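A short worksheet on the structure shown next.
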Amino acid sequence: MNNTCDIAIVGGGLAGASLAVALAPLGYSVKVIEAVPYKAAEQPSYDDRTLALSHSSCRILSTIGLWESLKADATPIRKIYITELHRPGQVTLDSAELGLTEYGHVVEARRFGVAVTSRLQQLENIEVISPARVKDIDIGGATTTLHLESDGVESELQARLVVAADGANSFIRNRLQIPTEFRDYGQTAVICNITPEIAHEGRAYECLTETGPFAVLPHTGTRCGLVWSVASDRAQEILELDDETFITRAHERFGNKLGAFLKAGKRSAYPLKLARAKQDVRERLVILGNAAHAIHPIGAQGFNLALRDAAVLAEVLADDYADDPGASGLLHQYSRWRRQDQRGTIAASDGMTRLFAHPSTLAAGLRTTGLLAHALSPSLRRKSALKAMGYRGRIPRLAMGEVLRPG
Ligand SMILES: Cc1cc2nc3c(=O)[nH]c(=O)nc-3n(C[C@H](O)[C@H](O)[C@H](O)COP(=O)(O)OP(=O)(O)OC[C@H]3O[C@@H](n4cnc5c(N)ncnc54)[C@H](O)[C@@H]3O)c2cc1C
Numbered sequence: 007m008n009n010t011c012d013i014a015i016v017g018g019g020l021a022g023a024s025l026a027v028a029l030a031p032l033g034y035s036v037k038v039i040e041a042v043p044y045k046a047a048e049q050p051s052y053d054d055r056t057l058a059l060s061h062s063s064c065r066i067l068s069t070i071g072l073w074e075s076l077k078a079d080a081t082p083i084r085k086i087y088i089t090e091l092h093r094p095g096q097v098t099l100d101s102a103e104l105g106l107t108e109y110g111h112v113v114e115a116r117r118f119g120v121a122v123t124s125r126l127q128q129l130e131n132i133e134v135i136s137p138a139r140v141k142d143i144d145i146g147g148a149t150t151t152l153h154l155e156s157d158g159v160e161s162e163l164q165a166r167l168v169v170a171a172d173g174a175n176s177f178i179r180n181r182l183q184i185p186t187e188f189r190d191y192g193q194t195a196v197i198c199n200i201t202p203e204i205a206h207e208g209r210a211y212e213c214l215t216e217t218g219p220f221a222v223l224p225h226t227g228t229r230c231g232l233v234w235s236v237a238s239d240r241a242q243e244i245l246e247l248d249d250e251t252f253i254t255r256a257h258e259r260f261g262n263k264l265g266a267f268l269k270a271g272k273r274s275a276y277p278l279k280l281a282r283a284k285q286d287v288r289e290r291l292v293i294l295g296n297a298a299h300a301i302h303p304i305g306a307q308g309f310n311l312a313l314r315d316a317a318v319l320a321e322v323l324a325d326d327y328a329d330d331p332g333a334s335g336l337l338h339q340y341s342r343w344r345r346q347d348q349r350g351t352i353a354a355s356d357g358m359t360r361l362f363a364h365p366s367t368l369a370a371g372l373r374t375t376g377l378l379a380h381a382l383s384p385s386l387r388r389k390s391a392l393k394a395m396g397y398r399g400r401i402p403r404l405a406m407g408e409v410l411r412p413g
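For this note's numbering, add 6 to where a residue sits in the sequence shown, where the first one is 1.
Here is the structure:
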């Protein structure tokens, strides 16, 4: 193995692999180091989760050449219904109100993994090193050194820029003692596929409860993706229910909007936590994706936000294509550009989660007022919809359909 490169991406999950594809036309030599083989059942990034991809994410994926292989298995979201459990008011977001055919699409994370990893294999200047785990990092001077371990064999890799995309428990973030804010929401998302009696026709439902959202997303064929967020101390019980009881309980909570639930798939659970690095760049280092900001899935924004970060990083590296992709001015340019969108998106998901969990009557009043205001005001709905679609602040060129070229 050649042990130098321009850009080393640690973690080839959803965020890291997408960044690598976005960087491909720029000519940098890029290495992606991924600890868990892509085809392994325990691959943590490409699992059974259904991802709601925003309008801007779908455009980014289309511009970097990934959408073509995803679209056959992507389901459009045409309408979104938002309610609060046992309270009045419903907000209906209709993509036709914005003159669009859809707000975004739903894709299974596992399917995304197949598309992105086969694309990576076709790209000449991208090398995937997997299975290999980064065990240490030395920053300083003209390059950063990563210490890797693969099947008991140790090696070193020198890169001019390291992107830490190694997930919410980021080894690199911890190793470099980057200050990070953590919050345990005490909630766990139980997810599975569910087949309702009535066709979803592109409708997504999110019922907000004091233990997080109960969401039903349109999925391929007759299926829907279910995300049922419960108090963490009840998650095991929900996981262990037999299928029939699970279906009955889920249906009781959701109501009859799509008729009876006929079938449920395999269930998995995700404890929900906020992890937010207080710095997203350091000398020759960018922190990306869940490593930088793992957020509550209440607004389905985690990967969408990471993809916009990746699009901006690629744009900054394209415009200043030059001698040093790790130059500090360039990294700070990236960080400044991303601040507004990151702050807004994280504040919205964290704020909503806490507002809905709060038992006070004041919080309940604010929730109802917020829902009613959205229900009654088309301009408020439009503003919120544009943010949820990923159009907040300065928009990266990849999200406008413009292919990036070096320099
Ligand atoms: C229930 C649920 C539903 C969600 N729904 C949505 C949604 O609808 N829309 C949306 O946009 N987002 C959603 N998200 C968020 C989304 O899943 C995350 O934003 C996304 O997984 C982050 O990807 P990542 O690549 O940053 O991190 P990860 O997916 O954690 O990937 C990190 C990768 O790094 C590798 N790695 C770790 N350490 C090392 C190391 N030392 N060396 C080498 N490799 C390493 C890991 O093996 C892994 O492959 C949801 C999340 C949950 C929990």
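For every residue, glycine included, the Cβ atom is placed at its ideal position computed from N, Cα and C. In this text, all values refer to a predicted model and were calculated from it rather than measured experimentally.
Separation of residue j from residue i, as counted between CA atoms
i    : j    : result
T149 : R288 : 13 angstroms
T151 : E246 : 45 angstroms
S161 : Q183 : 23 angstroms
H61  : G158 : 43 angstroms
Q285 : T228 : 43 angstroms
L280 : L336 : 28 angstroms
D172 : H299 : 11 angstroms
Y276 : D54  : 11 angstroms
D248 : G231 : 19 angstroms
A102 : T351 : 24 angstroms
D142 : A320 : 25 angstroms
R446 : L410 : Lying before the first or after the last residue shown, residue 446 is absent from the chain, which here runs from 7 to 413.
S334 : G192 : 38 angstroms
L259 : H153 : Checking the sequence shown, residue 259 turns out to be Arg, not Leu. One C-alpha to the other measures close to 49 angstroms.
L311 : D79  : 22 angstroms
C11  : I135 : 12 angstroms
G295 : G17  : 10 angstroms
I88  : P50  : 29 angstroms
W343 : T254 : 47 angstroms
N8   : D326 : 25 angstroms
Near ligand 1: residue i beta-carbon under 8 angstroms from a heavy atom
i    : result
G407 : no
N296 : yes
K45  : no
I184 : no
Y276 : yes
S124 : no
T69  : no
P6   : Lying outside 7 to 413, the shown extent of the chain, residue 6 is not represented and no answer is given.
K141 : yes
D172 : yes
I132 : no
F177 : yes
A381 : no
I244 : no
Q49  : yes
T56  : yes
P303 : yes
I39  : yes
L377 : no
G18  : yes
Q164 : no
V292 : no
N8   : no
Q193 : no
Sub-9 angstroms separation of residue i and residue j beta-carbons
i    : j    : result
T98  : A381 : yes
F309 : L20  : yes
N131 : A30  : yes
A316 : I145 : no
F362 : G261 : no
S235 : P303 : yes
C213 : E48  : no
A58  : H111 : yes
L223 : A14  : no
Y52  : G95  : no
S75  : A121 : yes
K269 : I200 : yes
E155 : P365 : no
D347 : G407 : no
I293 : S176 : yes
A297 : A195 : no
P412 : L32  : yes
Chain D within 9 angstroms of residue i, Cβ atoms only
i    : result
G396 : Within the model displayed, chain D is absent; a lone protein chain is all it includes.
Where are the alpha helix (DSSP H) runs, 4 residues long or more, that stay fully inside the stretch 153 to 215, in chain order?
Whole alpha helix (DSSP H) segments, 4+ residues: 177 to 181.
Would you call the stretch 72 to 90 and the stretch 99 to 119 in contact, with 3 or more CB pairs under 8 angstroms?
Enough Cβ pairs lie closer than 8 angstroms, so yes.
At least 3 beta-carbon pairs within less than 8 angstroms: the stretch 317 to 336 vs the stretch 372 to 388:
Touching, no, given that fewer than three Cβ pairs across the two stretches are closer than 8 angstroms.
Could you tell me which uninterrupted alpha helix (DSSP H) segments, each at least 4 residues in length, are contained entirely in the stretch 77 to 152, listed from first to last along the chain?
With a minimum length of 4 residues, the continuous alpha helix (DSSP H) runs that stay inside the stretch 77 to 152 are 115 to 128.
Go through the stretch 227 to 312 residue by residue and report every complete run of the alpha helix (DSSP H) that reaches 4 residues or more, in order.
The stretch 227 to 312 contains these whole alpha helix (DSSP H) runs: 238 to 246, 249 to 260.
Which runs of the alpha helix (DSSP H) fall wholly inside the stretch 24 to 83 and span at least 4 residues, in chain order?
The DSSP assignment places 61 to 69, 73 to 76 as complete runs of the alpha helix (DSSP H) inside the stretch 24 to 83, in order along the chain (cut-off: 4 residues).
Complete alpha helix (DSSP H) runs within the stretch 359 to 395 (minimum length 4 residues, chain order):
Entirely contained in the stretch 359 to 395, the alpha helix (DSSP H) runs reaching 4 residues are, in chain order, 367 to 382, 384 to 394.
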